[in-house]
Each structure stands twice: as structure tokens, then as C-alpha cells.
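Okay, structure first, notes after.
Protein chains in written order, with our numbering: chain A, 1 to 324; chain B, 325 to 611.
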């Protein structure tokens, strides 16, 4: 097992450092050619144990105003993490008194701006930090997608740069007072996931919702994700099976597009002792709504998928003990 | 430019004629499925094929190719790691994935960038790929560590590199694909073309075609971006089943080792015929 390690923080380079500063946490700190003449050379070279990430106290302060922090995870891509995150955000924000924030830590493939209909938005900064982009008065979002000059631009970053940005999302964004912070993640179990967990360790993550589709190829990735959650000690709120069954708009017969050859999400949940939160049928209008950036729940409240989403969200609140 | 520096990787891959990297910005659009089908289709044409899974935290290839449970067999030999052969004794389909190296299928590989980089380097330099006509490389979603590492390590072989981009038709996926195209341009990776996957679903009951994730988006984008469009694949439930069940059936069929059972089953799916057109275009790209 690979433990959560401290990552070098790209912002740990002091302001008065020379141009080629190797970084204060580098092994070469204080010893590289560039360090000659630097005011901090002695401190770096002294090899004192490196302290904890200097961003942590700021993150803790910022997150003190956030009541619930929920991760949306899935080992596999394209199973509907971002769509679910957005629906969860919209459903929570349906109550005017609830403030919800959505944070997209999928740095290389941000989908949240498209799904929330915020494609051309930009971030503004103020004295209190970066302002997130507001969908409506009580629903805001932050994503790397808001920071790119155009949609075409690819973010070709390795781990440490991604970690730096995630730490900034938690520390420098003016989230304000939030009831919910829903965090959308990229597929897999790598830098982004470790960083979020590590940065939020002190503030506490309330839990993770796992998303899957019914076929075995997706389920095997979810098993890995469950293993990950257990390794790093995140509470699993439950498992959602997405795209489970499709009703033909012509003959109304339901067919299984992604056949649950090994019993689907429900059986996986039983096998791994995880609560099964429910299944959401495939409705082509979900994808359409996401493309146009409108709330599926509001547009098609009578769809069985909307009902399924709402039931699942109610259950999540129940599991967290948030029902009145 | 041909006489570039020799590295352990370029030496190891000296006898590999073409390297095809399968990319997509978005996850779950069918990269692994397209990689598998491309490898199977090329194999069916008599080529020697290798398939490398660089999705380290979510490897799907072992399952799709029906290798991995009982015959987890990456052996160490004097010439390096011996890949797993999906076609048994024929040895024309070499597979390598991190899935062969973990103890149980439930184990997660929780690695940050540098470890992933090291693993990919080992896959390229330490695996005894031997003589191959095509090496198909399946990648994880995004444009990050794995992709940058691949491009870095394969730089000495850049004349033999090319890529296939997979997308689904909806706007959310296309916006990621544009990023992926920007990536190929930034690293000067030639693009063979674009495959539009999950384009429509045929109701097994009445034959009505529903565009679950809309349709045509990929083709329109390929035209706009000046990239070849390789073809459109509908959602094929039979294919989902073949690729999902591959392992179980392989175990059941252990007696008949001479035939490549997965390929036979794949040939029976409707997608096989459609994919032939895509494989033709890929092969034609190199002629």
C-alpha cells in the first residue's frame, strides 16, 4: 500500500529566491549553484526537517465555514460523476436557504463548466480571494475550465502542478459560508485524489459517493476505488449505479445497454458492504441537458431518472443525518 | 533526424514497426474497447500485435482481453519481462498491463506521477515485446503524467508514432477531445483520425435507433479540425458482453487452446464488420 505522502508545494519558493531556485523542499535546496548568494541559502542548507505544508492552516481556515464536504468518485471515466455532481448541486440549491459550492478537481478534462452552462465564464479575483462563478444565488462553482483562455487549450500538467492548483482552489477561492461543498474528481486514484484527501484531512471529509455503470469493466474500477477509500480512511456514503437500463422511446421496452454481467452495482455493494443508494436509468435527455448546461431535474421533473436522482440525494442527506 | 540517440527503450522497440497511441480527453468513451478492437482486427489480418495498457490506476485491458485471473503470467526471463499472450500458443498478441502485477483485482494502485512515470518506462524498456507490426498503446483519460511520460520516452522513435482519438458524440466529450487534439499538436504527434463511439443505440426489441449521446458530433468536429474521420460505432450490447465476459469464458474454454476464442466471439458481433472499415483506414495510413 502506498501511504499519503507530503507533496512538495510549488508555492513554497520564497519571493526573494533566485531565478533557478530548486525549491525549498528539493534535495538540492541550499546546495545548487543557483543558491549561492541567496539570502535563504543557510536555512535551506541546514537540512532541518521540513514542516507541514504551509497551505494547510489557510485551507483549514477557509474550510471552517463549510459544513459538509462530499467527494464524488469513480474509478472509471465517463460513468457520470460530473453529471451526478451537477444534479446534486442543483437539487441542494433548490432550497433557497442552502448554499452549495461545486469544486471540479478534474484538471485535465474539466466538464463542470459545460454541464452547469458556464462555458464562457471567467474567474475574477477580489481582496478576499478568487470569486467562484455563480450559477444562481446559492450555487457556485470553481473549475480549471474558467481559467483557460479558450476551450481548446489543453492543460498538460504533471502531478505537482495539479496539486498546487487544487490547494489553491481550497485556500484562495472565496467560497464564503457554504452548507455543501461537492467535489467532482477525475477518474482513477492518483495525484488529484491523494491531494484532496490530504489537504482536507484536518477539516474532515464527510464522505464519498461512488458512481458506477453496470458492466463489469466499470465495477472492477469501483472495487479499486473502494479499496482506495478504505486505505485513506474516507467514509463511503454509498454507491450509485448510473446508466442502468434504457427505455426505448419508440416501443417503451426497457433494455440493458451495459449489461450487468456480474450482477451490477447492487451486488457489488452487497459484496463490499457498501450501501447501495440506487440506480439511475439512462435517459438521452440527461446527456442533452448536460450539453446545453441546464438542470435536468428542473427541465424534466417527470422523468424516472429525475425521481431516481432525488431519491438518492435524499438518502445521502439521511446518511449524513441532515434531514429535518 | 533518424539517427537520434539510442536509449534502452529505442533498443527494445527496434523491431516494432508502428506505434499507435489511443487517446481521448474524456474517460469512459471507449479507449480500451477501441484499443482492444484495433488490436484484434489487426491480429485478424495476420499482424503481430502488442497492446500496452498505460492506465495504471484503472486498467481495463486484462478483463477485456480475457487474460489476467487464472493465467496471471508476467514472467521474468533473461531478456526481460515476458508479456502475456492473449492468443495462447500463437503468440501474435502480446499484452502488458499493471493489472497483471497487482495481487487481487480489488487492489487499488494509488500512485502519484513519478511512480507512474517509472512504471511506464519499465513497460517500454523491460518488456520483451519482440518483433511487432503494431504496438497499440491504451492510455488513461486526460493529458497528464502518463501522456507526457509516453511522449518523452518514445521521443527517439517519433518517426514511428501516431495516434487514434476516440470520442463520444455529446458536447461534453467533444470539449475534452479538442483539448486532446491541442495536445497532439503541442507534442507533434501525428493523428491517424477520430473514432466516434457510442453513436446511437439500436433497440433490440423494435430496431428503433436512439441517439443516447446524440450523434454526428465527432464527424463534424473532425471536419472542422481537419482530422480524418475513421468511422462511427453504435453501442453494441453484444460487444459489451464479449469484452465483459471474456475472462470467464476463457476459463470455461481452457481445453480448446489452439483457437483464439475471444477473436472468434468478437467476429460474431455486429461491430466487427463496422470496425473493419476503421482498421482499413488505419492500415492505409501507413502505406
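Think of the CB as a built atom: it goes at the ideal place given N, C-alpha and C, for glycine as much as any other residue.
- Taking 7 Å as the cut-off, the Cβ atoms of residue 490 (chain B) and residue 525 (chain B) do not count as close.
- Between the C-alpha atoms of residue 182 (chain A) and residue 247 (chain A) there is a straight-line separation of about 30 Å.
- When the five nearest sequence neighbours on each side are left out, the beta carbons in the same chain lying within less than 8 Å of the beta carbon of residue 204 (chain A) are those of 69, in order along the chain.
- Sequence-distant partners of residue 98 (chain A) (beyond 5 residues in either direction) whose C-beta falls short of 8 Å from its own C-beta, in its chain, are 92, 138, 179, 180.
- With a threshold of 7 Å between beta carbons, residue 590 (chain B) makes no contact with chain A.
- One finds 220, 223 in chain A with Cβ atoms closer than 7 Å to the Cβ of residue 429 (chain B), taken in chain order.
- Looking at B:457, B:426, B:603, the one whose alpha-carbon comes closest to that of residue 556 (chain B) is B:603.
- For the stretch 352-381 of chain B, the residues whose beta carbon sits under 7 Å from a beta carbon of chain A are, in order, 352, 353, 381.
- Flagged as an interface residue toward chain B: residue 290 (chain A), by a C-beta distance shorter than 7 Å.
- Counting only residues of its own chain and dropping the five nearest sequence neighbours on each side, residue 110 (chain A) has a CB closer than 7 Å to the CB of 104, 143, 144, 145.
- The beta carbon of residue 189 (chain A) is closer than 6 Å to those of 228 in its chain, skipping five residues each way along the sequence.
- Between the alpha carbons of residue 351 (chain B) and residue 463 (chain B) lies a gap of roughly 10 Å.
- Of all alpha-carbon atoms in B:370, B:446, B:363, the one lying nearest the alpha-carbon of residue 345 (chain B) is that of B:363.
- Contact between the stretch 259-271 of chain A and the stretch 545-552 of chain B is absent: fewer than 3 CB-CB pairs across the two stretches fall below 8 Å.
- In this structure the stretch 371-387 of chain B lies against the stretch 421-435 of chain B, because at least three pairs of beta carbons, one per stretch, are closer than 8 Å.
- Residue 83 (chain A) and residue 287 (chain A) have their C-alpha atoms some 8 Å from each other.
- The beta-carbon distance between residue 80 (chain A) and residue 211 (chain A), rounded to whole angstroms, is 6 Å. This is short enough to meet the 8 Å contact definition.
- Less than 7 Å separates the beta-carbon of residue 224 (chain A) from that of residue 75 (chain A).
- For residue 466 (chain B), at least one C-beta of chain A is nearer than 7 Å to its own C-beta.
- Scanning the stretch 382-422 of chain B for uninterrupted beta strand (DSSP E) segments of 3 residues or longer gives 399-401, 404-406, 417-420, listed from N- to C-terminal end.
- Our two residues, residue 532 (chain B) and residue 249 (chain A), have alpha carbons roughly 8 Å apart in a direct line.
- For residue 488 (chain B), the closest Cβ of chain A is not nearer than 7 Å.
- Assigned with DSSP and collapsed to three states, residue 207 (chain A) falls in strand.
- One thing to note: residue 108 (chain A) has its Cβ no nearer than 7 Å to the Cβ of residue 404 (chain B).
- The C-beta separation of residue 469 (chain B) from residue 159 (chain A) comes to about 6 Å, placing the pair in contact by the 8 Å criterion.
- Listed in chain order, the positions of the stretch 230-243 of chain A with a beta carbon within less than 7 Å of a beta carbon of chain B are 231.
- Taking 4 residues as the minimum length, the alpha helix (DSSP H) runs contained wholly in the stretch 145-202 of chain A are 159-171, 191-199, in order along the chain.
- In terms of beta-carbon proximity, residue 280 (chain A) stays away from the interface with chain B, with every pair separated by 7 Å or more.
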